[in-house]
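Reviewing the structure listed below.
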Amino acid sequence: MIATTGWPLADGARSRGLAWGARRSGPDRFGAEPPALVRPARTLDHGVTCMDSPFIPPVPPTPDQPLSPMRRLGMLLRRRSIMATFPRAAYEDLIYQRRQFGWLTVFVNDPAAVHHVFVTNAANYERPVLARRLLRPLSGDGLLLAEDTDWRNQRRILAPAFTPENVSLTLPHFAAAGEALANDLGAGRVNLLARIRDAALDAACRALFSLPSDTDGTYRRMSALVREYFVHAGWIALWDMLARRESDYVWLQKERSDFKRRWFAEIDGIVADRRRQPSVGGARDLLDLLMQARAADGTPALSDKEISDQVATMMAAGFETTHAMFWTAYLLACDKAVQDEVRAEVLAAPPAQVRTLARLRAWPALRRVLMEALRLYPPFPVTARVARQDDVVGGVRIKAGTLVMLSPWIIHRHHRFWDQPDAFIPSRWIGREDRPGEHYIPFGVGPRVCIGAAFATSQVMLVVATLLARYRVELDDPRPVLPTLRNATVPAIEPWFRLSLLDEAPGEDRGSTAIPPAKAA
Ligand code: HEM
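Counting along the sequence shown from 1, when you hit position 259 you're at 258 in numbering that gives the first Met the number 0, and nothing is skipped either side.
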């Protein structure tokens, strides 16, 4: 058991090392004294009994007062966590506003205001230039960045590929990726994030393209490319904030255009290979489903370029799954009792038997842990829109051009909406697995809600279940694992974990992986 205190944090906070069942101590996020270490079980508003003294994962410090625009800008440019810029009021107000050099940004927490912006008046809002500049090299002209009629057409064409039957088609691919990960790992000390990153890409490549093994190095190259993108070309620069159009300061975007060329060369190659060697019989993966999509007159609905754009979008969006997988494993590693509960149900219904979405219901405890992981660490911590015309949002008059933010990070930890918002309490979802409520929005809201939600959740569940069926997982690192934002909610460090085979005593050392974890992700 590790319980080190006082490790200096990147964001200037101090926190505790946390391992098996480590519990909260020290002041809370708002500086208040903590409640007693062991709390009695009690009943929440929605009638669910909450476990004693839940694990409270560390987070960047929350400023009591809003930070000045200069300080926020400095933090952003120095790659400090965006979460550390949200003051206490953001977690308490229904509408939280701030100005950046005269520009108003409105965070909508109020469900009615969220509904107005993302559903009833969604046509008045579009993705901001900044998001398009950052995401275009990764996702091309696919669904994620499409707008208006183009978006409606694309969504209509893609929807059939994501029906429960078609997502079920991909489950064997996810199970195979989980098996490959479990075989590859072995007992000992491990940089689980690095391995999960590879496993998520492996799962995506299998489900999208039926690439069963990395014989020609395709997904190693793709993995390296995406990592490189998130660390370098995909990071916000000052000129991105100044740009009014996607094409502004194009000469400063050479790194991004180079990335786009290399990224699409890989994807175009995969599409061209499938054209040369089409699948026989029915569809075996998402690429087949996209190639088989038909317009009303029976002609192919998508050209090869459009297929590449959609595949790139799915791959880019699919990287969110890596982090969902990591945070799920991390939370399980930090709460032994919950891990044991999940393992018991996984051993009772082994992953090899799970071949349909309906069968995933055999793992309700795992599902609740994933729901809690997506609540505490939503892979997209903020979703932004720009008003096309003046509007009134939650009683606030906004002008055309105003940035309106929906932050799952804030809403999921909002003090009006959640009991013990920062605590890991999977039991809060008992009986609510299918109706998590309007304050739970990891996959977005309204017509542009994530099309790949079932795909992503089944992937995470199958890979994590396969891991737990083989190993006990512990955190073996004294450093606090703080979330930060790099296009997704990622851990600021790559922590060490310790795996032991189920028939070994926990923590028994069978050697460690030779490669030390890389520095901050
Ligand atoms: C845990 C993993 C994932 C999370 C948390 C997630 C979350 C989201 C969110 C919040 C949005 C809405 C963004 C907005 O409104 O601006 C979105 C959109 C989207 N997601 Fe996901 N996503 C995940 C995985 C996936 C996967 C695996 C795929 C594809 C296979 C995918 C495909 C998409 C696409 C294409 C869109 C754009 C939908 C549209 O604009 O109509 N996502 N996702």
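Where is the CB? At the ideal position from N, CA and C, for every residue including glycine.
Bear in mind that the values here come from a model prediction, so they are computed numbers and not experimental data.
According to DSSP, is residue i helix, strand or coil?
{"i": "Ser426", "result": "helix"}
{"i": "Pro420", "result": "coil"}
{"i": "Gly445", "result": "helix"}
{"i": "Ser530", "result": "Residue 530 falls outside the range modelled here, since the chain spans only 0 to 520, and no answer is possible."}
{"i": "Leu8", "result": "At Leu8 the pLDDT is 27, less than 50, meaning the model places this residue with poor confidence and gives no usable figure here."}
{"i": "Ile306", "result": "helix"}
{"i": "Leu402", "result": "strand"}
{"i": "Phe85", "result": "coil"}
{"i": "Pro435", "result": "coil"}
{"i": "Arg244", "result": "coil"}
{"i": "Glu91", "result": "coil"}
{"i": "Pro299", "result": "strand"}
{"i": "Glu473", "result": "strand"}
{"i": "Val381", "result": "coil"}
{"i": "Val166", "result": "helix"}
{"i": "Val107", "result": "strand"}
{"i": "Pro33", "result": "Note that Pro33 scores 34 on pLDDT, short of 50, meaning its location in the model is unreliable; the coordinates nonetheless yield the value given after this. Note: Pro33 maps to coil in three-state DSSP."}
{"i": "Glu493", "result": "coil"}
{"i": "Val249", "result": "helix"}
{"i": "Asp63", "result": "coil"}
{"i": "Trp408", "result": "helix"}
{"i": "Arg196", "result": "helix"}
{"i": "Leu143", "result": "helix"}
Just curious, the beta strand (DSSP E) that residue i is in, first and last residue?
{"i": "Pro479", "result": "Element bounds for Pro479: n/a, residue is neither H nor E."}
{"i": "Ser457", "result": "No beta strand (DSSP E) holds Ser457; the alpha helix (DSSP H) holding it covers 452–469."}
{"i": "Val489", "result": "488–490"}
Give the range of the alpha helix (DSSP H) segment to which residue i is assigned.
{"i": "Tyr218", "result": "217–230"}
{"i": "Trp150", "result": "147–157"}
{"i": "Asp267", "result": "253–275"}
{"i": "Ile397", "result": "Premise fails: Ile397 lies in the beta strand (DSSP E), 395–397, not in any alpha helix (DSSP H)."}
{"i": "Asp284", "result": "Here Asp284 belongs to no alpha helix (DSSP H), and DSSP marks it neither H nor E."}
{"i": "Arg415", "result": "It is not in any alpha helix (DSSP H) - Arg415 carries neither H nor E in the DSSP assignment."}
{"i": "Leu241", "result": "237–241"}
{"i": "Val113", "result": "110–114"}
Per DSSP, residue i forms a beta bridge with which residues?
{"i": "Gln99", "result": "Trp102"}
{"i": "Gly187", "result": "Leu498"}
{"i": "Glu390", "result": "Residue identity differs from the one stated: residue 390 is Asp in this sequence, not Glu. Partner(s): Ile397."}
{"i": "Tyr124", "result": "Ala386"}
{"i": "Val58", "result": "DSSP lists no partner for Val58."}
{"i": "Arg293", "result": "Pro299"}
Leaving aside the five residues before and after residue i along the sequence, list all residues of the same chain whose C-beta is less than 7 Å from its C-beta, in chain order.
{"i": "Met74", "result": "Ala83, Thr84"}
{"i": "Ala145", "result": "Gln153"}
{"i": "Ala300", "result": "Ile156, Ala292, Arg293, Ala294"}
{"i": "Asn120", "result": "Asp390"}
{"i": "Asp421", "result": "Arg28, Ile55, Val58, Arg412"}
{"i": "Glu125", "result": "Glu146, Arg384, Val385, Arg387"}
{"i": "Val113", "result": "Val107, Leu405, Val444"}
Ignore the nearest five residues each way along the sequence and tell me which others in residue i's own chain have a CB closer than 6 Å to its CB.
{"i": "Arg71", "result": "Thr84"}
{"i": "Trp326", "result": "Ala372, Tyr376"}
{"i": "Ala522", "result": "No information on residue 522 is available, as it lies outside the stretch 0 to 520 that the chain covers here."}
{"i": "Ser167", "result": "Thr355, Leu356"}
{"i": "Ala232", "result": "Glu254, Arg255, Phe258"}
{"i": "Arg366", "result": "Glu432"}
{"i": "Arg374", "result": "His411"}
Only counting the same chain, and skipping five residues up and downstream in sequence, which positions put a Cβ closer than 8 Å to that of residue i?
{"i": "Asp201", "result": "Ala176, Ala179, Leu180, Asp213, Tyr218"}
{"i": "Leu369", "result": "Ala323, Thr327, Thr456, Val459, Met460, Val463"}
{"i": "Glu227", "result": "Phe258"}
{"i": "Pro110", "result": "Glu437, His438"}
{"i": "Glu319", "result": "Pro378, Phe379, Ala455, Ala487"}
{"i": "Asp389", "result": "Arg396, Ile397, Lys398, Ala399"}
{"i": "Pro127", "result": "Ala383, Arg384, Val385, Leu402"}
{"i": "Leu331", "result": "Val337, Gln338, Val341, Val368, Val463, Leu467, Val472"}
I'd like to know if residue i contacts chain B, where contact means its C-beta is closer than 8 Å to some C-beta of that chain.
{"i": "Pro377", "result": "This model lacks chain B altogether; it includes just one protein chain."}
Going residue by residue through the segment 324–378, where are the continuous alpha helix (DSSP H) segments of at least 4 residues, counting only ones entirely within it? 335–347, 363–375
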